[in-house]
Amino acid sequence: MAFLARIQYASLQSSVGIAWHIPLVQGLSSYCSWTRNNHTDQSSESTSSSSSEETGRKLINRVARQALAAEVGASAFFRAQAKFNPGGSRIDLQYFKEQEEVQLQGAQRLLIRQRARPSLMQGVLGAAGMVLGAVSAVAPRRVSLAVTGALQDAMTDHFTEQLRELQESGVSAQVPEVREVIRNLRDVERAPEGAPAAPDLLEYSRMKSLSDLGVEGAVGAVVKAGASALLGLSSKL
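Residues 81 to 317 (the working numbering) are what the sequence shown spells out, left to right.
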């Protein structure tokens, strides 16, 4: 009888031990599962945040790179215009030259502050601006104005697009100094009074050929298209 009693007691003790261990094991299992899920959520949030910051940083660097490349081209253009102006008859060109030098310095400071690399197209834009400026300086007055007006339009469109990208990406509010520099570059008046705006796509689409735009219109359309293409490449190289 004593032997049977000990067996029953041991069986009861074993049952109690198992019953006590079950909720403990279940609790530990739930805690481990929660820890894994929480760690996964935190890792996911951290990865998402890092990815967003990296995307924003790339955009800011690209904007700074494009801005400097554009200003290198514009500064070279007005410098050549002032230099090759026959007899110095265009005194306004000295004003535009000095104005663009100030804007160039602002774009250079922006690139340095953002620690962005310069565009590989920077030299190409500088050379193109120099050639175009020299040609427009000796061209007839109306053609010269058409060239300058087209350059103004291309630059304005370029900086407007940069501001739009900054706004839509949500980066604009985080880097107000970048937004301010780009806005200033966009709002600079680079064309003298009387310079015609380059034909837009809608106007050009209504023409049967480029010659329908007239000499000034055709020159403006070609210059704007070329400048826009070079500015676009500066973001990729």
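Each residue gets a CB set at the ideal place from its N, CA and C atoms; glycine is no exception.
This structure is a prediction, so every number in the text was calculated from the model and none was measured.
**Item:** First and last residue of the uninterrupted alpha helix (DSSP H) at K316
**Value:** Counting along the chain, K316 sits inside no alpha helix (DSSP H), nor does DSSP assign it H or E at all.
**Prompt:** Do you know how far the Cα of A196 is from the Cα of T240?
**Reply:** Straight-line Cα distance between these residues: approximately 20 Å.
**Request:** Just tell me which of R266, N141, L243, V227 has its CA closest to the CA of A214.
**Result:** A214 has its Cα closest to that of V227, out of R266, N141, L243, V227.
**Asked** So, helix, strand or coil for L319, using DSSP?
**Response** With the chain running from 81 to 317 in the structure shown, residue 319 is simply not present.
**Item:** Distance cut-off 7 Å: G167 Cβ against heavy atoms of the ligand SAH
**Value:** In the structure shown, the ligand SAH is absent, as is every other ligand, since no ligand is present at all.
**Request:** Give me the Cβ distance between S199 and L317, rounded to the nearest whole Å; I'm assuming they're in contact under 8 Å.
**Result:** L317 and S199 do touch by the CB rule: their CB atoms are close to 6 Å apart, below 8 Å.
**Asked** If you count every other CB in all the chains shown that lies within 10 Å of the CB of E180, and 16 or more means buried, which is it?
**Response** E180 comes out buried.
**Asked** If we count Cβ pairs, one from each stretch, closer than 8 Å, do we get three or more for the segment 173 to 193 versus the segment 236 to 255?
**Response** Judged by Cβ distances under 8 Å, the segment 173 to 193 makes no contact with the segment 236 to 255, as fewer than three pairs qualify.
**Terminal residues of the alpha helix (DSSP H) in which R244 lies** = Bounds of the alpha helix (DSSP H) holding R244 are 221 to 249.
**Prompt:** For I192, is the classification buried or exposed, using 16 other Cβ atoms within 10 angstroms of its Cβ as the cut-off for buried?
**Reply:** I192 counts as exposed, since fewer than 16 other beta carbons sit within 10 angstroms of its beta carbon.
**Request:** Pick out whichever of K138, L173, A307, E134 has its Cα sitting closest to the Cα of R221.
**Result:** Checking every option, the nearest Cα to that of R221 belongs to L173.
**Request:** Starting from P166, follow the alpha helix (DSSP H) in both directions and report where the run begins and ends.
**Result:** No alpha helix (DSSP H) contains P166, which DSSP labels as neither H nor E.
**Asked** Looking at Q202 and A149, is the spacing between their C-beta atoms short of 8 Å?
**Response** Taking 8 Å as the cut-off, the Cβ atoms of A149 and Q202 count as close.
**Prompt:** At what residues does the alpha helix (DSSP H) containing V261 begin and finish?
**Reply:** That run of the alpha helix (DSSP H) goes 256 to 267.
**Request:** Since I believe A217 is in contact with S224 (beta carbons under 8 Å), could you give me their beta-carbon distance rounded to a whole number of angstroms?
**Result:** Between A217 and S224 the Cβ distance is about 7 Å, and since that is below 8 Å, they are a contact.
**Item:** CB-CB length for I143 against I262, believed under 8 Å
**Value:** Reading the sequence as shown, one finds Val at residue 143 and not Ile. Sure, about 7 Å apart at Cβ, within 8 Å.
**Prompt:** From Q247 to K304, what distance separates their C-alpha atoms?
**Reply:** Within the model, the alpha-carbon separation for Q247 versus K304 is close to 25 Å.
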